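Numbering (the working numbering), first residue to last: 13 to 91.
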C-alpha cells in the first residue's frame, strides 16, 4: 500500500507499478483507500458494438460531402 504523499511524489513509478501488478492501493491521511487500476488500451471502446442500421452504399460519403460543402460555404466571407 502506498500513501497519498508517496504516490504524489512518485506518480510515474506508481503508474508503472499499477500496470505491472494490476492495481495499486493508495491510502490518504484520513484513512480512506483508493485502488488505481490501469485501463486496457489495446482495443477500441467500440469493438464488438454493432448497429442494425444499413445505409445504401455511398449514402454516408454523400452526406459527409454535403456537410463539408455547407461548412465551406459558411466560411467564405460575403462581399
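Built from N, CA and C at the ideal position, the CB exists for glycine as well. Here the structure is a predicted model, which means the values were calculated and not measured.
Opposing strand residues paired with residue i [DSSP bridges]
i: residue 58; result: According to DSSP, which records beta bridges pairwise, residue 58 is partnered with nothing at all.
i: residue 46; result: 38
i: residue 14; result: 38
Cβ-based burial, residue i [other Cβ within 10 Å; buried from 16]
i: residue 19; result: buried
i: residue 38; result: buried
Within 9 Å, strictly: CB atoms of residue i and residue j
i: residue 35; j: residue 15; result: no
i: residue 13; j: residue 61; result: no
i: residue 30; j: residue 57; result: no
DSSP three-state assignment for residue i, whether helix, strand or coil
i: residue 52; result: coil
i: residue 74; result: helix
i: residue 88; result: coil
Within-9 Å CB hit, residue i to chain B
i: residue 80; result: The structure shown contains no chain B, having only a single protein chain.
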